[in-house]
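This report concerns only the one structure given below.
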Amino acid sequence: MLQYAALIPFFPLAGFIILGLLNKKLPKNIAAVIACGMLLISFGLALGVFMNISGKTEEVQLAPWINVGSFSASFTFLLDPLSSIFLMIITGVGFLIHVYSIGYMHDDEKHNIFFAYLNLFIFFMLVLVLASSYLLMFVGWEGVGLCSYLLIGFWFKTKAYNDAAKKAFIMNRIGDLGFLLGIILLFITFGSSDYHTVFTKANGLMSGDTMITTITLLLFVGAMGKSAQIPLYTWLPDAMAGPTPVSALIHAATMVTAGIYMVARSGILYALSPVSMLVVAVVGIVTAVFAATIALTQNDIKKVLAYSTVSQLGYMFLGLGVGAFSASVFHVMTHAFFKALLFLGAGSVIHGLSGEQDIRHMGGLRKKMPITHITFLLATLAIAGIPPFSGFFSKDEILGHAFSAGMVFWVLGVIGSMMTSFYMFRLLFLAFYGTYRGDEHKVHAHESPKVMTIPLIILAILSTIGGFVGVPESLGGSANFDKFLEPVFHDAYAKMLLMEHSQILSEVALMGITVAAAAISIFFAWNMYVKKKTVPVSEGTRLPFLQNMSYHKYYVDEIYSALITKPLDKISGFLGNVVDNKFIDGIVNASGKLTNWVSGLMRFVQTGNVDFYLLAMVVGIALIIFFKLM
Amino acid sequence: MNTLIILSALGIIALFAEIFRFRKALFPLILLGLGGAFFFTAKEYNHPQIFLGMMNFDNYAVIFSCAILIIAFLWFMMAKNYFLQETSVTDHFALILFSLVGAVVMVSFSNLTMLFLGIEILSVSVYVLAASDKSNVMSNESGFKYFLMGSFATGFLLFGITLIYGITGSFDLASIHTQVAANHDSGLVIAGILLLMIGLAFKSSLAPFHFWAPDVYEGAPTTVTTYMATVVKTAAFAAFFRLFSTCFAGVTGHWTDVLWWMVVLTLFVGNVSAVRQKSVKRLLAYSSVAHAGYIAIAVVSMGAASTSAILYYTFTYSISSISAFTILFIVSRHKGSKDISAFEGMSKANPLLSFAMTVAMLSLAGIPPTAGFFAKYYVFLTAINAGNTLLVLIAVIAALVGIYYYFRVIIAIYFKPEQQLVPIKVGPLHRTVLIITTILTLLFGLFPNLILGWI
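Protein chains in written order, with this note's numbering: chain A, 1 to 630; chain B, 1 to 455.
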């Protein structure tokens with residue numbers, strides 16, 4: 001069974017090739033069926049893997065790849081519980097989003113290309129998680145970056161969308177450079193980038209190895225880019241320029257969690273470096289809180305969700321940084337459910353309102369879009385961490401570990417969690433409750449077609465019950481999720497030697513505090529946006545200082561522009577206009593002119609007179625004989 | 001030996017064609033004859049034969065004969081029109097065939113007299129061919145210049161042979177080798193070697209003995225120019241290398257430094273002079289001089305890999321040249337001009353001609369994936385192995401200049417405004433030649449071992 005798993009990525013690849021080559025020759029519905037069908041097959045295989053993988057690790061070699069001297073790499077896939085969970089998320093959630101896209105993209109003229117790109121993305125994402133070496137992972141890593149670029153700029157006729165696509169690509173390049181350097185250092189240190197070799201050799205090392213710290217920090221730079229952590233997070237909110245299914249699939253459920261996957265996969269390396277673990281945890285928690293504060297005041301429905309994603313990714317890194325690897329992966333899964341649902345719900349709203357994204361112009365959609373409303377509500381409860389919804393279990397597991405690692409992580413985590421509840425319910429209340437604030441005459445809000453609402457319903461069910469696979473022992477569960485992943489993280493846990501669980505009583509108490517905090521936030525949001533019917537002020541109104549900072553995203557984009565982009569532009573302009581155009585081109589042109597001039601002189605030598613030619617010959621012969629014999 | 005017999009017989013048959021009136025059958029007969037010659041020559045591969053100490057049909061001779069026969073075959077296909085237009089067709093056929101006999105002798109001699117005979121058989125035929133466009137003053141001038149200067153150079157060649165004979169008492173290459181090694185500090189030996197080298201340098205158009213080449217190449221009918229640039233050049237270098245590797249490899253101190261300077265001068269003169277040329281024909285003439293410089297690098301850096309480098313270079317260079325000259329021939333007949341401007345904007349209406357010309361130019365410039373790249377690569381490799389790094393550096397700079405003028409043609413074809421949209425008519429034979437040469441140029445560029453493996 002397991003060797004067939006190697007085929008999983010190739011169905012979406014086949015879909016991409018078929019759709020890419022035939023493109024407009026295929027009718028839209030056939031193209032959609034091909035794209036979704038390919039993914040369904042992959043999902044079936046992934047499910048088979050998932051059922052059979054418990055406690056096992058399998059390597060499937062597909063083909064040799066590079067063999068140069070002592071360097072060799074091969075196309076080999078690794079199947080273990082960790083990759084199987086990602087397979088399930090990617091193919092399962094991916095399939096639902098594909099189906100949803102049939103409705104969402106129905107009227108787009110580039111419909112078929114859209115599906116081709118989606119299929120290509122799934123292929124690369126699957127390669128990323130199935131790779132059995134860092135090098136092959138890098139192939140998938142770059143591939144998803146490319147697809148992300150193509151899909152953010154999918155409507156490339158709008159310049160702002162193109163800029164967003166470029167921004168995402170360039171920001172990711174910075175991270176990728178770190179990742180690549182990390183891989184090179186891995187090669188130098190371990191002589192290979194295969195997980196098996198690297199992890200086996202690393203297992204014999206002592207904690208605190210400087211080289212390991214360097215490697216893990218460099219790898220983390222890659223994760224910061226891909227998973228939008230401070231300081232490389234600014235591309236993700238802009239990436240909302242892409243079609244909403246893209247935001248749901250790539251920029252919420254799958255690609256942005258690649259950084260989490262990579263750090264989790266390298267768990268043993270991180271476990272060897274307390275410094276790197278601390279960096280990961282600090283960057284994670286700071287990003288979580290920072291992004292949440294920005295999300296508080298945003299008015300674009302997708303921007304709120306984008307900052308929310310950055311914030312949730314921060315929680316995942318916090319989990320990794322405090323050694324709760326399986327809790328982070330758990331949160332990746334539940335987040336994939338509820339955040340994909342939120343984005344798709346937002347897409348449904350945007351679709352129903354003919355492209356309106358500003359929550360100030362929404363309101364009262366509860367009655368007009370009942371299914372969207374209910375599913376959105378369930379997802380909001382899940383992200384807010386209200387029991388028994390899925391987000392509660394995963395987030396609380398992370399916060400529980402954070403508490404053991406350091407009180408400050410926990411306190412900040414709870415504050416971030418309060419803000420999460422607030423901005424999410426603010427969004428929910430402003431969009432679905434109260435009265436409609438848009439132009440009734442122009443826009444006729446309507447529920448989306450079934451092909452869009454059915455994926456919403458399925459995701460809503462998953463968001464609601466998805467957490468039950470990981471109910472902690474303190475609540476009478478059996479932590480199945482952690483046990484499933486335990487073999488993967490076994491060595492890493494052993495290296496850390498901490499993992500001392502806090503007392504069961506306090507664990508339950510901590511949960512009580514976070515839930516209470518979330519509930520208070522919800523009450524505040526209800527009080528403000530439902531009872532008092534507050535609507536965020538329109539553009540141009542002066543805001544109090546803190547609100548203003550949050551609304552303008554702390555001017556981070558402007559700071560980056562002033563500190564990095566503009567000086568680089570200046571230097572680039574100088575090098576381009578002065579050094580290259582004047583100096584280097586000058587040398588090149590001068591040598592060209594010199595050659596041309598000499599060539600002109602040479603023509604006078606070729607006179608056409610035989611007597612001159614003979615004279616030249618004789619002089620040549622005389623000189624040769626003279627120098628050689630005298 | 002089979003080659004010589006078949007070619008001589010063909011030449012004599014061609015002479016009778018006029019008398020017995022089978023002129024029309026002559027062309028297919030000659031192609032058939034060349035095919036047969038190729039077959040019987042190839043059979044001698046790995047079966048070396050020595051004839052009275054005069055000729056030695058070793059693998060070197062067999063491979064170069066085969067290369068010359070393939071080039072000649074392509075050349076006949078390209079040059080058929082030339083024979084149709086002229087009055088004394090059969091004489092021309094015979095002259096070409098006899099010159100081929102000379103070429104084969106030049107690659108298989110084991111005796112200085114045979115070398116001299118080969119060179120003269122080849123040269124005298126080509127003197128006449130260069131002047132064969134009797135109504136054209138340029139052609140007459142070309143033939144006369146070539147003859148005059150050729151005789152002059154032959155004098156030095158003979159002088160060299162005489163001096164060598166005087167010291168060694170033999171014309172036989174093997175005994176010259178031993179005698180030269182025994183008398184290596186004799187001034188007469190040095191002078192003999194140098195004079196021999198000068199004679200051969202003239203035939204291979206190395207500077208400063210290259211002056212005839214641009215004028216003769218330009219004045220001669222394009223088909224004859226093609227023949228000179230391909231068959232004659234290949235034979236000249238094969239003879240040059242055969243003589244010097246057999247007899248004078250032990251006394252390289254006497255001649256490599258002189259040849260080194262001649263190579264540098266040739267590379268400079270050939271490439272730099274080509275830059276300003278407006279006429280593609282003259283451009284190709286200078287380019288031919290320049291290529292002689294590159295090939296001679298492998299002679300200067302005499303070593304184990306030199307033979308295969310020279311074979312690969314001369315053969316692929318000849319194929320690309322046939323391609324380029326064929327297109328020049330077609331275009332100039334259509335446009336009435338041999339200037340680069342005649343090629344401007346022809347890409348839309350003539351995709352085959354444009355593509356074939358581009359491949360030929362890229363190959364001559366030495367750009368991968370064409371054969372010209374590996375030609376230069378292997379030549380440079382011999383030089384680096386022999387420690388001539390400076391020479392490689394100079395040659396690379398010269399190649400850079402080369403790219404400039406070859407690309408002028410490509411730019412004219414693709415990037416200049418369209419002159420006319422009427423496709424130029426290309427006959428089936430020419431079409432076949434161009435397809436074969438283009439495919440071979442790309443094929444050898446991808447799989448150089450197809451040639452290198454033989455020698």
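Where is the CB? At the ideal position from N, CA and C, for every residue including glycine.
Within chain B, the residues that residue i reaches when beta carbons sit closer than 8 Å
i	result
residue 112 of chain A	Simply none; closest approach about 32 Å.
Residue from the options with nearest C-alpha to residue i
i	options	result
residue 418 of chain A	A:377, A:514 and A:387	A:514
residue 216 of chain A	A:255, A:399, A:268 and A:323	A:268
residue 50 of chain A	A:27, A:200 and A:84	A:84
residue 16 of chain A	A:118, A:168, A:592 and A:193	A:118
residue 337 of chain A	A:375, A:282, A:588 and A:106	A:375
residue 399 of chain B	B:386, B:364, B:416 and B:432	B:364
residue 9 of chain A	A:573, A:128, A:412 and A:292	A:128
residue 413 of chain B	B:31, B:348, B:21 and B:253	B:348
residue 158 of chain B	B:168, B:178 and B:192	B:192
residue 53 of chain B	B:171, B:75, B:103 and B:120	B:171
residue 195 of chain B	B:219, B:153, B:174 and B:226	B:153
residue 437 of chain A	A:358, A:450 and A:76	A:358
residue 254 of chain B	B:281, B:180 and B:366	B:180
residue 151 of chain B	B:124, B:46, B:130 and B:388	B:124
Contacts that residue i makes with chain A (C-beta to C-beta distance below 7 Å)
i	result
residue 401 of chain B	595
residue 276 of chain B	596, 599, 600 and 603
residue 145 of chain B	610
residue 272 of chain B	595, 598, 599 and 602
Neighbouring residues, chain A, relative to residue i (Cβ below 8 Å)
i	result
residue 187 of chain B	629
residue 284 of chain B	Simply none; closest approach about 15 Å.
residue 152 of chain B	614 and 617
residue 149 of chain B	610, 613, 614 and 617
residue 321 of chain B	Those do not exist, as residue 321 of chain B stays about 21 Å from chain A at its closest Cβ, beyond 8 Å.
Proximal residues of chain A, C-beta to C-beta of residue i below 9 Å
i	result
residue 431 of chain B	The contacting residues do not exist; residue 431 of chain B stays about 32 Å from chain A at best.
residue 156 of chain B	617 and 621
residue 191 of chain B	625, 628 and 629
residue 180 of chain B	Within chain A, no residue comes near residue 180 of chain B; the closest Cβ sits about 15 Å away, beyond 9 Å.
residue 194 of chain B	621, 624, 625, 628 and 629
residue 258 of chain B	624, 627 and 628
heavy atom of the ligand NAD below 6 Å from residue i C-beta
i	result
residue 435 of chain A	Ligands in the displayed structure: none, and consequently the ligand NAD is not present.
Cβ-based contacts, 7 Å cut-off: residues of the stretch 197-216 of chain B near chain A: 198, 208, 209, 211, 212, 214 and 215
Taking contact to mean at least 3 C-beta pairs separated by less than 8 Å, is the stretch 200-210 of chain B in contact with the stretch 225-239 of chain B? yes
Going along the chain, which residues of the stretch 604-628 of chain A sit with their C-beta nearer than 7 Å to a C-beta in chain B? 606, 608, 610, 613, 614, 616, 617, 620, 621, 624, 625 and 628
Run through the stretch 151-204 of chain A for me and flag every whole alpha helix (DSSP H) of 4 or more residues, listed as ranges in chain order. With a minimum length of 4 residues, the continuous alpha helix (DSSP H) runs that stay inside the stretch 151-204 of chain A are 159-190 and 195-203.
Which residues of the stretch 224-244 of chain B have a Cβ closer than 9 Å to any Cβ of chain A? Give them in chain order. none
Three or more beta-carbon pairs under 8 Å between the stretch 311-320 of chain B and the stretch 247-254 of chain B, yes or no? No: the two stretches stay apart, fewer than three of their Cβ pairs being nearer than 8 Å.
In chain order, what residues of the stretch 583-594 of chain A put their CB closer than 8 Å to some CB of chain B? For the stretch 583-594 of chain A, which is checked against every Cβ of chain B, the residues closer than 8 Å are 592.
Touching by the beta-carbon criterion (3+ pairs, under 8 Å), the stretch 132-139 of chain B and the stretch 181-199 of chain B: Remark: fewer than three beta-carbon pairs, one from each stretch, lie closer than 8 Å, so the stretch 132-139 of chain B and the stretch 181-199 of chain B are not flagged as touching.
Kindly provide the ranges of any alpha helix (DSSP H) runs that are 4 or more residues long and lie completely inside the stretch 292-369 of chain B, ordered along the chain. 306-335 and 351-365, all fully within the stretch 292-369 of chain B.
At least three beta-carbon pairs within less than 8 Å, the stretch 514-523 of chain A to the stretch 419-429 of chain A: yes
Compile a chain-ordered list of the residues in the stretch 331-344 of chain B whose CB is closer than 9 Å to at least one CB of chain A. none
Unbroken alpha helix (DSSP H) runs of length 4 or more, entirely within the stretch 373-443 of chain B: which are they? 389-415
On the three-pair Cβ rule with 8 Å, is the stretch 401-410 of chain A touching the stretch 318-327 of chain A? Touching, yes.
Quick one: which unbroken beta strand (DSSP E) runs of 3-plus residues sit fully inside the stretch 587-625 of chain A? Chain order, please. The qualifying runs do not exist here; there are none.
Do the stretch 31-49 of chain A and the stretch 91-101 of chain A meet, that is, are 3 or more Cβ pairs less than 8 Å apart? yes
Can you find at least 3 beta carbon pairs, one from the stretch 463-476 of chain A and one from the stretch 361-371 of chain A, that sit closer than 8 Å? no
How do the stretch 289-307 of chain B and the stretch 419-439 of chain B stand: do at least 3 beta-carbon pairs fall below 8 Å, yes or no? Touching, no.
Every unbroken alpha helix (DSSP H) inside the stretch 553-588 of chain A [4 residues or more]: 556-560 and 566-574
Would you call the stretch 189-196 of chain A and the stretch 157-168 of chain A touching, i.e. three or more CB-CB distances under 8 Å? No, they do not touch.
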